[in-house]
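Colleague: If you read the sequence shown in this note's numbering, its first letter stands for residue -14, the second for the next number, and so on. Every residue gets a Cβ at the ideal spot worked out from N, C-alpha and C, and that includes glycine. Since the model is a prediction, treat every value here as computed from it, not as a measurement.
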Amino acid sequence: MRPFRALLAFAYAVLPLSLSAQRPPFPVDTASITTIHAAFKSKRLTCRVLVQQYLARIDALDKKGPAINSIVITNPAALAVAESLDARYTRSGPVGPLHCIPLIVKDNFETVGLQTTAGSLALEGWKPKQDATMVRLVKEAGAIVLAKSNLAEWAFTPYETVSSILPGYTRNPYALDRVTAGSSGGTAAAVAAGFATLGLGTDTGNSIRGPSAHQALVGIRSTMGLTSRAGVVPLNAVADVAGPMARSVADAVAVFDVIAHSDPADTVTAPADSKRPARYTDALRAGSLRGARIGVLRQAYERPTLDAEVNAVFERAVADLRRAGAIVFDTVRVDSLDAIQRRQQGGCNRFGADLERYFTARGPEAPVKNVNDVLRSRRYHPTVEQRLRDAAQATDAPEQSAGCQSRERVRAALRVAVTQLMDSLQLDAMIYPTWSNPPRRIGDLNTPHGDNSQLFSPSTGFPSMTVPMGYTRDGRLPAGLSFLGRAWSEATLIGLAFSYEQQTRHWHRPPLRSRSE
(Lines of atoms letter the chains of each structure in order from A and count residues from 1; the text may use other names and numbers.)
(Lines give C-alpha, C1' and ligand atoms only; values in the text may rest on other atoms or scores of the structure.)
Protein backbone atom coordinates (compact mmCIF):
# COMPACT_ATOMS: atom_id res chain seq x y z
CA MET A 1 0.00 0.00 0.00
CA ARG A 2 2.78 2.38 0.90
CA PRO A 3 4.47 2.15 -2.55
CA PHE A 4 1.12 2.94 -4.15
CA ARG A 5 0.64 5.98 -1.89
CA ALA A 6 4.17 7.14 -2.68
CA LEU A 7 3.48 6.77 -6.40
CA LEU A 8 0.23 8.70 -6.01
CA ALA A 9 1.95 11.47 -4.11
CA PHE A 10 4.62 11.68 -6.80
CA ALA A 11 1.93 11.87 -9.50
CA TYR A 12 0.17 14.75 -7.73
CA ALA A 13 3.49 16.57 -7.38
CA VAL A 14 4.43 16.15 -11.03
CA LEU A 15 0.97 16.73 -12.52
CA PRO A 16 0.99 20.54 -12.16
CA LEU A 17 4.38 20.68 -13.85
CA SER A 18 3.11 18.51 -16.71
CA LEU A 19 0.03 20.66 -17.16
CA SER A 20 2.21 23.77 -17.07
CA ALA A 21 4.46 22.31 -19.76
CA GLN A 22 1.43 21.64 -21.96
CA ARG A 23 -0.08 25.08 -21.42
CA PRO A 24 -0.06 27.17 -24.63
CA PRO A 25 2.14 30.28 -24.81
CA PHE A 26 0.72 33.46 -23.32
CA PRO A 27 -0.99 35.48 -26.11
CA VAL A 28 1.44 38.40 -26.10
CA ASP A 29 0.11 39.85 -29.35
CA THR A 30 -3.27 40.62 -27.73
CA ALA A 31 -2.11 41.02 -24.13
CA SER A 32 -3.10 44.03 -22.03
CA ILE A 33 -1.78 45.33 -18.75
CA THR A 34 -4.79 43.75 -17.03
CA THR A 35 -4.35 40.30 -18.57
CA ILE A 36 -0.61 40.29 -17.92
CA HIS A 37 -1.01 41.27 -14.28
CA ALA A 38 -3.79 38.70 -13.81
CA ALA A 39 -1.45 36.03 -15.23
CA PHE A 40 1.27 37.05 -12.78
CA LYS A 41 -1.18 36.89 -9.90
CA SER A 42 -2.40 33.42 -10.86
CA LYS A 43 1.22 32.28 -11.35
CA ARG A 44 0.46 31.32 -14.93
CA LEU A 45 3.21 33.67 -16.11
CA THR A 46 6.49 35.16 -14.95
CA CYS A 47 8.08 38.37 -16.10
CA ARG A 48 11.01 36.46 -17.60
CA VAL A 49 8.73 34.18 -19.64
CA LEU A 50 6.72 37.18 -20.87
CA VAL A 51 9.85 38.99 -22.03
CA GLN A 52 11.20 35.82 -23.65
CA GLN A 53 7.98 35.44 -25.65
CA TYR A 54 8.08 39.02 -26.86
CA LEU A 55 11.74 38.73 -27.85
CA ALA A 56 10.98 35.49 -29.70
CA ARG A 57 8.15 37.20 -31.56
CA ILE A 58 10.44 40.06 -32.57
CA ASP A 59 13.01 37.53 -33.77
CA ALA A 60 10.41 35.66 -35.83
CA LEU A 61 8.59 38.60 -37.40
CA ASP A 62 10.64 41.79 -37.48
CA LYS A 63 13.54 40.90 -39.78
CA LYS A 64 12.24 37.48 -40.87
CA GLY A 65 8.90 36.30 -42.21
CA PRO A 66 6.79 39.40 -42.91
CA ALA A 67 9.85 41.54 -42.02
CA ILE A 68 8.04 44.43 -40.33
CA ASN A 69 11.44 46.13 -39.88
CA SER A 70 10.36 48.21 -36.90
CA ILE A 71 13.09 47.46 -34.35
CA VAL A 72 16.45 49.24 -34.34
CA ILE A 73 17.83 47.46 -31.28
CA THR A 74 16.54 45.17 -28.55
CA ASN A 75 17.57 45.70 -24.96
CA PRO A 76 20.28 43.14 -24.03
CA ALA A 77 19.46 43.70 -20.34
CA ALA A 78 15.73 43.00 -20.73
CA LEU A 79 15.85 39.44 -19.39
CA ALA A 80 18.01 40.46 -16.42
CA VAL A 81 15.56 43.25 -15.59
CA ALA A 82 12.71 40.74 -15.89
CA GLU A 83 14.41 38.38 -13.45
CA SER A 84 14.90 41.20 -10.94
CA LEU A 85 11.23 42.13 -11.26
CA ASP A 86 10.23 38.50 -10.68
CA ALA A 87 12.32 38.45 -7.50
CA ARG A 88 10.80 41.73 -6.37
CA TYR A 89 7.28 40.43 -7.09
CA THR A 90 7.91 37.32 -5.01
CA ARG A 91 9.18 39.39 -2.08
CA SER A 92 6.74 42.31 -2.03
CA GLY A 93 4.42 42.34 -5.01
CA PRO A 94 4.41 44.62 -8.07
CA VAL A 95 6.80 47.56 -8.34
CA GLY A 96 4.11 49.84 -9.71
CA PRO A 97 1.18 50.11 -12.10
CA LEU A 98 3.32 49.09 -15.09
CA HIS A 99 5.05 46.17 -13.38
CA CYS A 100 6.86 44.12 -16.05
CA ILE A 101 4.98 45.72 -18.93
CA PRO A 102 7.30 45.60 -21.97
CA LEU A 103 7.49 48.87 -23.93
CA ILE A 104 8.79 49.85 -27.33
CA VAL A 105 10.48 53.26 -27.20
CA LYS A 106 10.93 55.44 -30.26
CA ASP A 107 14.63 55.92 -30.97
CA ASN A 108 14.61 59.64 -30.25
CA PHE A 109 14.15 59.12 -26.48
CA GLU A 110 17.36 59.03 -24.46
CA THR A 111 17.59 55.57 -22.92
CA VAL A 112 20.38 54.51 -20.59
CA GLY A 113 22.39 51.59 -21.94
CA LEU A 114 20.88 51.80 -25.43
CA GLN A 115 21.95 53.99 -28.31
CA THR A 116 19.74 56.96 -29.20
CA THR A 117 19.98 57.92 -32.86
CA ALA A 118 16.84 59.82 -33.95
CA GLY A 119 17.08 57.50 -36.96
CA SER A 120 20.38 58.95 -38.14
CA LEU A 121 23.71 57.23 -38.67
CA ALA A 122 25.27 60.51 -37.53
CA LEU A 123 24.30 59.50 -33.97
CA GLU A 124 25.08 55.79 -34.28
CA GLY A 125 26.51 54.37 -31.07
CA TRP A 126 25.64 57.36 -28.87
CA LYS A 127 24.52 56.12 -25.46
CA PRO A 128 23.23 58.96 -23.26
CA LYS A 129 24.07 58.83 -19.55
CA GLN A 130 20.51 59.38 -18.38
CA ASP A 131 16.99 58.45 -19.39
CA ALA A 132 14.53 60.86 -20.91
CA THR A 133 12.12 61.91 -18.16
CA MET A 134 9.29 59.89 -19.68
CA VAL A 135 11.48 56.77 -19.93
CA ARG A 136 12.56 57.20 -16.32
CA LEU A 137 8.94 57.52 -15.16
CA VAL A 138 7.75 54.36 -16.90
CA LYS A 139 10.73 52.42 -15.57
CA GLU A 140 10.00 53.62 -12.04
CA ALA A 141 6.43 52.37 -12.54
CA GLY A 142 7.85 48.92 -13.32
CA ALA A 143 7.93 48.90 -17.12
CA ILE A 144 10.72 47.29 -19.15
CA VAL A 145 12.19 49.04 -22.19
CA LEU A 146 12.24 46.05 -24.50
CA ALA A 147 13.50 47.73 -27.67
CA LYS A 148 14.08 50.99 -29.52
CA SER A 149 11.99 51.49 -32.66
CA ASN A 150 12.58 52.94 -36.08
CA LEU A 151 11.31 56.39 -37.01
CA ALA A 152 11.28 58.78 -39.89
CA GLU A 153 14.82 60.17 -39.65
CA TRP A 154 14.96 63.19 -37.34
CA ALA A 155 11.13 62.82 -37.19
CA PHE A 156 10.94 64.85 -40.40
CA THR A 157 8.06 63.25 -42.28
CA PRO A 158 4.53 62.17 -41.30
CA TYR A 159 4.13 59.98 -44.37
CA GLU A 160 6.53 57.04 -44.10
CA THR A 161 9.04 55.44 -41.74
CA VAL A 162 12.47 55.24 -43.30
CA SER A 163 15.85 56.18 -41.83
CA SER A 164 19.57 55.69 -42.29
CA ILE A 165 20.00 53.80 -39.01
CA LEU A 166 17.90 50.88 -40.28
CA PRO A 167 17.97 49.78 -43.94
CA GLY A 168 14.60 49.69 -45.67
CA TYR A 169 11.08 50.85 -44.82
CA THR A 170 9.07 49.87 -41.80
CA ARG A 171 5.99 47.97 -42.97
CA ASN A 172 2.39 48.19 -41.84
CA PRO A 173 1.47 44.89 -40.11
CA TYR A 174 -2.08 45.10 -41.47
CA ALA A 175 -0.87 45.24 -45.08
CA LEU A 176 2.82 44.74 -45.72
CA ASP A 177 2.83 46.82 -48.88
CA ARG A 178 1.52 49.87 -46.98
CA VAL A 179 3.24 52.63 -45.00
CA THR A 180 3.09 53.05 -41.25
CA ALA A 181 2.83 56.86 -41.51
CA GLY A 182 5.50 58.79 -39.62
CA SER A 183 7.41 59.63 -37.70
CA SER A 184 6.54 57.22 -34.86
CA GLY A 185 5.70 54.52 -37.39
CA GLY A 186 8.21 52.07 -35.93
CA THR A 187 6.61 52.23 -32.50
CA ALA A 188 3.14 51.85 -33.96
CA ALA A 189 4.07 48.93 -36.18
CA ALA A 190 5.86 47.16 -33.32
CA VAL A 191 2.93 47.52 -30.91
CA ALA A 192 0.42 46.50 -33.58
CA ALA A 193 2.55 43.47 -34.47
CA GLY A 194 2.59 42.37 -30.83
CA PHE A 195 6.29 43.01 -30.19
CA ALA A 196 5.43 44.69 -26.85
CA THR A 197 2.37 45.69 -24.87
CA LEU A 198 2.80 49.46 -25.18
CA GLY A 199 4.86 52.10 -26.92
CA LEU A 200 6.16 55.63 -26.54
CA GLY A 201 6.17 58.04 -29.47
CA THR A 202 6.52 61.73 -30.20
CA ASP A 203 4.15 64.03 -32.05
CA THR A 204 5.09 67.39 -33.54
CA GLY A 205 2.28 67.57 -36.09
CA ASN A 206 0.98 64.02 -36.48
CA SER A 207 3.50 61.49 -35.34
CA ILE A 208 1.67 59.73 -32.50
CA ARG A 209 -1.84 60.02 -33.89
CA GLY A 210 -1.12 59.30 -37.57
CA PRO A 211 0.81 56.04 -37.07
CA SER A 212 -1.71 54.98 -34.42
CA ALA A 213 -4.56 55.45 -36.89
CA HIS A 214 -2.71 53.57 -39.65
CA GLN A 215 -2.09 50.61 -37.28
CA ALA A 216 -5.44 50.48 -35.41
CA LEU A 217 -3.97 51.82 -32.16
CA VAL A 218 -4.90 54.41 -29.56
CA GLY A 219 -2.58 57.41 -29.45
CA ILE A 220 -2.65 60.41 -27.12
CA ARG A 221 -1.20 63.84 -27.84
CA SER A 222 -1.55 65.85 -24.63
CA THR A 223 -2.00 69.52 -23.97
CA MET A 224 1.33 71.24 -24.48
CA GLY A 225 2.90 71.35 -21.02
CA LEU A 226 1.23 68.30 -19.50
CA THR A 227 3.99 65.82 -20.40
CA SER A 228 7.75 66.27 -20.45
CA ARG A 229 9.94 66.29 -23.56
CA ALA A 230 13.19 66.37 -21.56
CA GLY A 231 15.66 63.92 -23.06
CA VAL A 232 13.86 63.68 -26.41
CA VAL A 233 15.73 64.77 -29.54
CA PRO A 234 13.74 67.82 -30.71
CA LEU A 235 12.12 68.65 -34.02
CA ASN A 236 10.26 71.82 -33.02
CA ALA A 237 10.33 72.79 -29.36
CA VAL A 238 7.06 74.75 -29.47
CA ALA A 239 5.11 71.80 -30.92
CA ASP A 240 6.87 68.61 -29.79
CA VAL A 241 4.85 66.36 -27.47
CA ALA A 242 5.65 62.82 -26.29
CA GLY A 243 3.10 60.22 -25.31
CA PRO A 244 1.67 56.69 -25.33
CA MET A 245 0.55 54.36 -28.10
CA ALA A 246 -1.39 51.19 -27.26
CA ARG A 247 -3.90 48.63 -28.45
CA SER A 248 -6.60 49.94 -26.09
CA VAL A 249 -7.65 53.17 -24.44
CA ALA A 250 -7.22 51.65 -20.98
CA ASP A 251 -3.59 50.69 -21.65
CA ALA A 252 -2.75 54.08 -23.17
CA VAL A 253 -4.29 55.83 -20.17
CA ALA A 254 -2.39 53.64 -17.70
CA VAL A 255 0.83 54.99 -19.23
CA PHE A 256 -0.57 58.51 -19.44
CA ASP A 257 -1.30 58.50 -15.69
CA VAL A 258 2.38 57.74 -15.08
CA ILE A 259 3.88 60.32 -17.45
CA ALA A 260 1.56 63.35 -17.12
CA HIS A 261 3.47 65.42 -14.54
CA SER A 262 5.48 68.57 -14.08
CA ASP A 263 9.20 68.24 -14.77
CA PRO A 264 11.85 70.82 -13.78
CA ALA A 265 13.89 69.68 -16.79
CA ASP A 266 11.13 70.91 -19.15
CA THR A 267 9.88 74.29 -17.94
CA VAL A 268 6.81 74.24 -20.19
CA THR A 269 5.37 71.58 -17.84
CA ALA A 270 5.30 73.90 -14.80
CA PRO A 271 1.46 73.94 -14.58
CA ALA A 272 0.99 70.22 -15.22
CA ASP A 273 0.49 68.97 -11.65
CA SER A 274 -2.09 71.64 -10.90
CA LYS A 275 -4.02 70.94 -14.13
CA ARG A 276 -4.26 67.14 -14.04
CA PRO A 277 -6.78 65.11 -12.03
CA ALA A 278 -5.60 62.69 -9.37
CA ARG A 279 -6.07 59.74 -11.76
CA TYR A 280 -6.84 59.74 -15.46
CA THR A 281 -7.91 56.11 -15.15
CA ASP A 282 -10.99 57.38 -13.28
CA ALA A 283 -12.18 58.74 -16.64
CA LEU A 284 -12.52 55.21 -18.08
CA ARG A 285 -16.31 55.15 -17.88
CA ALA A 286 -18.26 53.29 -20.56
CA GLY A 287 -21.26 55.65 -20.36
CA SER A 288 -19.30 58.85 -20.93
CA LEU A 289 -20.91 59.52 -24.32
CA ARG A 290 -24.41 59.88 -22.87
CA GLY A 291 -25.29 63.56 -23.13
CA ALA A 292 -21.84 64.54 -24.45
CA ARG A 293 -21.86 67.42 -26.93
CA ILE A 294 -19.61 66.71 -29.91
CA GLY A 295 -19.04 68.73 -33.06
CA VAL A 296 -17.98 67.39 -36.47
CA LEU A 297 -15.05 69.60 -37.51
CA ARG A 298 -15.34 69.30 -41.27
CA GLN A 299 -12.64 71.93 -41.84
CA ALA A 300 -10.15 69.36 -40.54
CA TYR A 301 -10.82 66.72 -43.16
CA GLU A 302 -13.13 67.65 -46.01
CA ARG A 303 -11.13 68.17 -49.18
CA PRO A 304 -11.57 67.07 -52.81
CA THR A 305 -9.36 64.00 -52.27
CA LEU A 306 -11.35 62.67 -49.26
CA ASP A 307 -11.57 58.91 -49.73
CA ALA A 308 -15.15 57.65 -50.02
CA GLU A 309 -14.52 54.58 -47.86
CA VAL A 310 -12.86 56.58 -45.10
CA ASN A 311 -15.77 59.00 -45.18
CA ALA A 312 -18.26 56.13 -44.96
CA VAL A 313 -16.42 54.64 -41.98
CA PHE A 314 -16.42 58.07 -40.32
CA GLU A 315 -20.15 58.55 -40.90
CA ARG A 316 -20.76 55.18 -39.24
CA ALA A 317 -18.65 56.38 -36.32
CA VAL A 318 -20.84 59.48 -36.02
CA ALA A 319 -23.93 57.26 -36.02
CA ASP A 320 -22.35 55.06 -33.32
CA LEU A 321 -21.69 58.15 -31.17
CA ARG A 322 -25.33 59.15 -31.47
CA ARG A 323 -26.50 55.63 -30.60
CA ALA A 324 -24.36 55.84 -27.47
CA GLY A 325 -26.25 58.97 -26.42
CA ALA A 326 -24.00 61.76 -27.68
CA ILE A 327 -25.46 64.97 -29.07
CA VAL A 328 -23.54 65.37 -32.34
CA PHE A 329 -23.53 68.68 -34.22
CA ASP A 330 -23.19 67.75 -37.87
CA THR A 331 -20.98 70.70 -38.79
CA VAL A 332 -19.04 73.14 -36.64
CA ARG A 333 -16.69 75.75 -38.08
CA VAL A 334 -13.93 78.06 -36.98
CA ASP A 335 -15.24 80.92 -39.12
CA SER A 336 -12.10 83.00 -38.73
CA LEU A 337 -9.74 80.17 -39.72
CA ASP A 338 -8.81 81.46 -43.18
CA ALA A 339 -8.23 84.98 -41.89
CA ILE A 340 -6.06 83.70 -39.05
CA GLN A 341 -3.93 81.59 -41.40
CA ARG A 342 -3.41 84.56 -43.72
CA ARG A 343 -1.71 86.40 -40.86
CA GLN A 344 1.38 84.19 -41.16
CA GLN A 345 4.26 86.31 -42.41
CA GLY A 346 7.39 84.47 -43.53
CA GLY A 347 8.75 81.06 -42.60
CA CYS A 348 9.87 79.59 -39.30
CA ASN A 349 12.40 76.76 -39.24
CA ARG A 350 13.31 75.99 -35.62
CA PHE A 351 14.97 72.62 -36.12
CA GLY A 352 18.58 73.78 -36.39
CA ALA A 353 18.40 76.08 -33.37
CA ASP A 354 16.51 73.57 -31.22
CA LEU A 355 18.89 70.75 -32.14
CA GLU A 356 21.97 72.85 -31.35
CA ARG A 357 20.55 73.82 -27.95
CA TYR A 358 19.76 70.18 -27.23
CA PHE A 359 23.27 68.93 -28.01
CA THR A 360 24.93 71.88 -26.25
CA ALA A 361 23.12 70.79 -23.09
CA ARG A 362 24.61 67.28 -23.53
CA GLY A 363 28.13 68.71 -23.24
CA PRO A 364 31.30 67.14 -24.63
CA GLU A 365 29.72 63.68 -24.85
CA ALA A 366 27.36 64.84 -27.60
CA PRO A 367 28.03 63.04 -30.90
CA VAL A 368 27.41 66.21 -32.94
CA LYS A 369 27.02 69.89 -32.09
CA ASN A 370 24.64 71.09 -34.80
CA VAL A 371 23.04 70.46 -38.18
CA ASN A 372 26.25 71.39 -40.01
CA ASP A 373 28.04 68.58 -38.20
CA VAL A 374 25.38 66.17 -39.42
CA LEU A 375 25.75 67.42 -42.99
CA ARG A 376 29.53 67.14 -42.87
CA SER A 377 29.26 63.58 -41.60
CA ARG A 378 27.31 62.50 -44.71
CA ARG A 379 25.71 59.89 -42.43
CA TYR A 380 22.02 60.40 -43.15
CA HIS A 381 19.37 59.12 -45.52
CA PRO A 382 19.36 60.93 -48.89
CA THR A 383 15.70 61.86 -48.48
CA VAL A 384 16.45 64.16 -45.53
CA GLU A 385 19.37 66.07 -47.01
CA GLN A 386 17.32 69.01 -48.26
CA ARG A 387 15.56 69.33 -44.91
CA LEU A 388 18.94 69.41 -43.17
CA ARG A 389 20.27 72.03 -45.61
CA ASP A 390 17.17 74.17 -45.14
CA ALA A 391 17.65 74.00 -41.37
CA ALA A 392 21.31 75.00 -41.71
CA GLN A 393 20.26 78.07 -43.73
CA ALA A 394 17.93 79.29 -40.95
CA THR A 395 20.53 81.23 -38.95
CA ASP A 396 18.22 83.55 -36.96
CA ALA A 397 17.40 82.48 -33.42
CA PRO A 398 13.68 81.59 -33.30
CA GLU A 399 13.08 84.35 -30.72
CA GLN A 400 14.43 86.93 -33.20
CA SER A 401 12.88 85.45 -36.35
CA ALA A 402 10.03 87.53 -37.72
CA GLY A 403 8.50 84.40 -39.24
CA CYS A 404 8.60 82.54 -35.91
CA GLN A 405 7.12 85.51 -34.05
CA SER A 406 4.34 85.68 -36.65
CA ARG A 407 3.74 81.93 -36.22
CA GLU A 408 3.27 82.40 -32.47
CA ARG A 409 0.69 85.14 -33.04
CA VAL A 410 -1.20 82.83 -35.39
CA ARG A 411 -1.11 80.04 -32.84
CA ALA A 412 -2.44 82.33 -30.11
CA ALA A 413 -5.27 83.55 -32.35
CA LEU A 414 -6.23 79.98 -33.26
CA ARG A 415 -6.31 78.97 -29.59
CA VAL A 416 -8.78 81.76 -28.89
CA ALA A 417 -10.92 80.94 -31.93
CA VAL A 418 -11.16 77.21 -31.17
CA THR A 419 -11.97 77.85 -27.52
CA GLN A 420 -14.65 80.38 -28.44
CA LEU A 421 -16.23 77.93 -30.89
CA MET A 422 -16.36 75.16 -28.32
CA ASP A 423 -17.68 77.50 -25.62
CA SER A 424 -20.38 78.93 -27.89
CA LEU A 425 -21.87 75.46 -28.46
CA GLN A 426 -20.83 74.03 -25.06
CA LEU A 427 -18.92 71.29 -26.84
CA ASP A 428 -17.05 68.59 -24.97
CA ALA A 429 -14.99 67.66 -28.05
CA MET A 430 -14.74 67.95 -31.81
CA ILE A 431 -14.15 64.96 -34.11
CA TYR A 432 -12.75 64.15 -37.55
CA PRO A 433 -11.05 61.23 -39.33
CA THR A 434 -7.40 61.14 -38.31
CA TRP A 435 -6.56 60.62 -42.00
CA SER A 436 -8.82 61.34 -44.97
CA ASN A 437 -7.21 58.55 -46.99
CA PRO A 438 -6.06 54.98 -46.29
CA PRO A 439 -2.37 54.15 -45.77
CA ARG A 440 -0.47 54.61 -49.01
CA ARG A 441 1.64 51.94 -50.65
CA ILE A 442 5.28 52.02 -49.63
CA GLY A 443 7.21 54.29 -51.97
CA ASP A 444 4.09 56.12 -53.18
CA LEU A 445 4.36 59.84 -52.52
CA ASN A 446 1.94 60.86 -55.28
CA THR A 447 -1.52 59.68 -54.23
CA PRO A 448 -3.27 61.80 -51.55
CA HIS A 449 -1.92 61.25 -48.05
CA GLY A 450 -4.92 62.58 -46.13
CA ASP A 451 -3.09 63.70 -42.96
CA ASN A 452 -5.56 65.74 -40.87
CA SER A 453 -3.47 66.12 -37.72
CA GLN A 454 -1.13 69.00 -38.54
CA LEU A 455 -3.31 72.03 -37.88
CA PHE A 456 -5.70 72.11 -34.97
CA SER A 457 -3.98 70.27 -32.12
CA PRO A 458 -0.33 71.23 -32.76
CA SER A 459 -1.13 74.85 -33.60
CA THR A 460 -3.28 75.38 -30.51
CA GLY A 461 -1.37 73.13 -28.14
CA PHE A 462 -4.70 71.48 -27.29
CA PRO A 463 -5.06 67.72 -26.67
CA SER A 464 -6.14 65.19 -29.26
CA MET A 465 -6.38 61.41 -29.25
CA THR A 466 -7.16 58.85 -31.92
CA VAL A 467 -8.96 55.51 -31.58
CA PRO A 468 -9.74 52.84 -34.19
CA MET A 469 -13.00 53.54 -36.04
CA GLY A 470 -12.97 50.67 -38.55
CA TYR A 471 -11.26 49.51 -41.72
CA THR A 472 -11.33 50.21 -45.45
CA ARG A 473 -10.34 48.21 -48.55
CA ASP A 474 -12.24 45.02 -47.71
CA GLY A 475 -11.51 45.37 -44.01
CA ARG A 476 -7.72 45.41 -44.43
CA LEU A 477 -6.62 49.00 -43.79
CA PRO A 478 -7.25 50.68 -40.41
CA ALA A 479 -8.82 54.11 -40.02
CA GLY A 480 -8.77 56.32 -36.92
CA LEU A 481 -11.22 58.72 -35.26
CA SER A 482 -9.73 61.84 -33.65
CA PHE A 483 -11.17 63.61 -30.62
CA LEU A 484 -9.96 67.21 -30.10
CA GLY A 485 -10.60 69.15 -26.90
CA ARG A 486 -9.85 72.33 -25.00
CA ALA A 487 -6.60 72.78 -23.09
CA TRP A 488 -6.25 70.35 -20.17
CA SER A 489 -9.40 68.40 -21.15
CA GLU A 490 -7.65 65.01 -21.40
CA ALA A 491 -9.97 63.37 -18.86
CA THR A 492 -13.00 64.34 -20.95
CA LEU A 493 -11.44 63.05 -24.17
CA ILE A 494 -10.40 59.81 -22.47
CA GLY A 495 -13.96 59.20 -21.27
CA LEU A 496 -15.42 59.82 -24.73
CA ALA A 497 -12.81 57.70 -26.51
CA PHE A 498 -13.17 54.85 -24.03
CA SER A 499 -16.96 54.89 -24.29
CA TYR A 500 -16.73 54.81 -28.11
CA GLU A 501 -14.16 52.01 -28.04
CA GLN A 502 -16.29 49.89 -25.71
CA GLN A 503 -19.37 50.45 -27.85
CA THR A 504 -17.71 49.57 -31.17
CA ARG A 505 -14.70 47.32 -30.40
CA HIS A 506 -13.11 47.79 -33.81
CA TRP A 507 -9.63 46.57 -32.91
CA HIS A 508 -8.46 43.23 -34.23
CA ARG A 509 -4.97 41.82 -34.57
CA PRO A 510 -3.13 42.08 -37.91
CA PRO A 511 -2.85 38.94 -40.07
CA LEU A 512 0.80 38.14 -39.31
CA ARG A 513 2.43 34.74 -39.54
CA SER A 514 6.00 33.62 -38.99
CA ARG A 515 7.59 31.02 -41.25
CA SER A 516 7.15 28.41 -38.50
CA GLU A 517 3.39 28.99 -38.21
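Using the Cα positions of residue 215 and residue 290, report the straight-line distance between them to the nearest angstrom.
Modeller: Each residue's Cα considered, the two are about 38 Å apart.
Colleague: Report yes or no: do the stretch 413 to 428 and the stretch 263 to 280 share at least 3 C-beta pairs separated by less than 8 Å?
Modeller: Taking 8 Å as the limit for Cβ pairs, the verdict is that the stretch 263 to 280 does touch the stretch 413 to 428.
Colleague: Which term fits residue 471, buried or exposed, when burial requires 16 or more other beta carbons within 10 angstroms of its beta carbon?
Modeller: Under this definition residue 471 is a buried residue.
Colleague: Using a 10 Å radius around the Cβ and a threshold of 16 neighbouring Cβ atoms, would you call residue 428 buried or exposed?
Modeller: Looking at its Cβ environment, which holds fewer than 16 other Cβ atoms inside 10 Å, residue 428 is exposed.
Colleague: Report the partner residues of residue 417 according to the DSSP bridge assignment.
Modeller: In the DSSP output, where bridge partners are listed per residue, residue 417 has 467.
Colleague: Considering only residues of the same chain and omitting the five flanking positions on each side of residue 35, which have a CB-CB separation below 6 Å?
Modeller: For residue 35, where only same-chain residues beyond five positions count, there are no Cβ hits under 6 Å.
Colleague: Using 8 Å for Cβ pairs, my map puts residue 364 next to residue 141. What's the rounded Cβ distance?
Modeller: With 8 Å as the limit, residue 364 and residue 141 do not qualify as a contact, their Cβ atoms being about 15 Å apart.
Colleague: Could you say which of 385, 235 and 148 lies nearest to residue 202 if we only look at CA atoms?
Modeller: Comparing Cα positions, the closest option is 235.
Colleague: Using only CA atoms, which one of 335, 491, 462 and 496 lies nearest to residue 564?
Modeller: The requested residue 564 does not occur in the structure, where the chain is confined to residues -14 to 502.
Colleague: Where residue 375 and residue 334 are concerned, what is the direct C-alpha to C-alpha distance, given to the nearest angstrom?
Modeller: Cα to Cα, residue 375 sits roughly 8 Å from residue 334.
Colleague: Could you spell out the range, first to last residue, of the beta strand (DSSP E) harbouring residue 40?
Modeller: Residue 40 -> not in any beta strand (DSSP E); alpha helix (DSSP H) instead, spanning 32 to 46.
Colleague: Can you say whether residue 394 is buried or exposed, counting buried as having 16 or more other CB atoms within 10 angstroms of its CB?
Modeller: By the 10 Å Cβ count, residue 394 comes out exposed.
Colleague: Return yes when the Cβ of residue 305 is within less than 8 Å of the Cβ of residue 487, no when it is not.
Modeller: Going by C-beta atoms, residue 487 is not nearer than 8 Å to residue 305.
Colleague: With a threshold of 16 other CB atoms inside 10 Å of the CB of residue 317, please say whether the residue is buried or exposed.
Modeller: So residue 317 ends up on the buried side.
Colleague: Which residues bound the alpha helix (DSSP H) around residue 304?
Modeller: Looking at the DSSP string, the run of the alpha helix (DSSP H) that includes residue 304 is 293 to 308.
Colleague: Should residue 285 and residue 440 be called a contact, given that it needs their Cβ atoms to be closer than 8 Å?
Modeller: For residue 285 and residue 440, yes; Cβs fall inside 8 Å.
Colleague: Which one of 70, 480 and 352 has the shortest CA to CA distance from residue 309?
Modeller: Minimum Cα distance to residue 309 is reached at 480.
Colleague: Work out the CA separation of residue 18 and residue 485 for me, nearest whole Å.
Modeller: About 20 Å.
Colleague: Using 8 Å as the Cβ pair cut-off and three pairs as the minimum, do the stretch 73 to 81 and the stretch 134 to 151 touch?
Modeller: Result no; under three Cβ-Cβ pairs closer than 8 Å.
Colleague: On the criterion of 16 or more Cβ atoms from any shown chain inside 10 Å, does residue 315 qualify as buried, or is it exposed?
Modeller: Residue 315 comes out exposed.
Colleague: So which of 150, 151, 175 and 149 has the shortest CA-CA distance to residue 157?
Modeller: Minimum Cα distance to residue 157 is reached at 175.
Colleague: So residue 485 is in the alpha helix (DSSP H); what residue range does that whole segment cover?
Modeller: Its alpha helix (DSSP H) spans residues 475 to 489.
Colleague: Does DSSP put residue 391 in a helix, in a strand, or in coil?
Modeller: Helix at residue 391.
Colleague: Residue 286 lies in the alpha helix (DSSP H); which residues open and close that run?
Modeller: Run containing residue 286: none; DSSP gives neither H nor E here.
Colleague: I'd like the list of long-range same chain contacts for residue 422, defined as Cβ closer than 7 Å, with 5 residues on each side in sequence excluded.
Modeller: Closer than 7 Å at the Cβ level, and outside the excluded window around residue 422, lie 290, 292, 295, 433, 434 and 435.
Colleague: Residue 280 lies in the alpha helix (DSSP H); which residues open and close that run?
Modeller: Note, residue 280: premise wrong, no alpha helix (DSSP H); beta strand (DSSP E) at 278 to 281.
Colleague: Excluding the 5 residues flanking residue 404 on each side, which residues of the same chain have their C-beta closer than 7 Å to its C-beta?
Modeller: Same-chain partners within the cutoff: 471.
Colleague: Determine the DSSP secondary structure at residue 132, reduced to helix, strand or coil.
Modeller: Residue 132: strand per DSSP, three-state reduction.
Colleague: Shortest alpha-carbon distance to residue 483 belongs to which of 265, 67 and 378?
Modeller: Residue 483 has its Cα closest to that of 265, out of 265, 67 and 378.
Colleague: Under the rule that 16 or more other beta-carbon atoms within 10 Å means buried, what is residue 326, buried or exposed?
Modeller: Residue 326 should be labelled exposed.
Colleague: Rounding to the nearest angstrom, what Cα-Cα distance links residue 378 and residue 332 in this structure?
Modeller: Spanning the two alpha carbons is a distance of roughly 12 Å.
Colleague: Can you tell which of 322, 448 and 48 has the C-alpha that lies nearest to the C-alpha of residue 498?
Modeller: The candidate whose alpha carbon is nearest that of residue 498 is 48.
Colleague: Determine the DSSP secondary structure at residue 171, reduced to helix, strand or coil.
Modeller: Helix at residue 171.
Colleague: Could you compute how far the alpha carbon of residue 495 sits from the alpha carbon of residue 226?
Modeller: Rounded to the nearest angstrom, the two C-alpha atoms are 28 Å apart.
Colleague: Give the secondary structure of residue 443 by DSSP, where H, G and I count as helix, E and B as strand, and everything else as coil.
Modeller: The answer is helix: DSSP assigns residue 443 an H, G or I state.
Colleague: Counting only the same chain and skipping the five closest in sequence on each side, list residues whose C-beta sits under 7 Å from that of residue 505.
Modeller: Within the shown structure, residues of the chain are numbered from -14 to 502, placing residue 505 beyond reach of any answer.
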